[in-house]
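Student: Our numbering runs 79 ahead of the 1-based position in the sequence shown. Cβ coordinates follow ideal geometry from the N, Cα and C atoms, glycine included. It should be emphasised that the depicted structure is a prediction, and the values quoted were computed from it without experimental measurement.
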Amino acid sequence: MAQVVNLRSARKRSEKAKDRAKAAENAVRFGRSKALKELERARADRAAALIEAHKREDRDA
80 MAQVVNLRSA RKRSEKAKDR AKAAENAVRF GRSKALKELE RARADRAAAL IEAHKREDRD
140 A
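Structure follows, in structure tokens:
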């Protein structure tokens, strides 16, 4: 015979699992320190400067 399941508690467990997954995702996305953010910004700026420096100039312009 099948086991009896309380639908209310099953729904609450499901919602809590979704909330924990969302919290973990947000921690990965937004949980960086100021130093890491500055390092990432500096690397992006350097990469953009390197790309800009290697662009060819148009002689006709």
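For Glu-94, report the span of its alpha helix (DSSP H) as first-last.
Tutor: Segment 86-109, the alpha helix (DSSP H) holding Glu-94.
Student: Roughly how many angstroms lie between the CA atoms of Glu-119 and Arg-87, to the nearest whole one?
Tutor: Spanning the two alpha carbons is a distance of roughly 45 Å.
Student: Look up Ala-81 in the DSSP assignment and say whether it is helix, strand or coil.
Tutor: Ala-81: coil per DSSP, three-state reduction.
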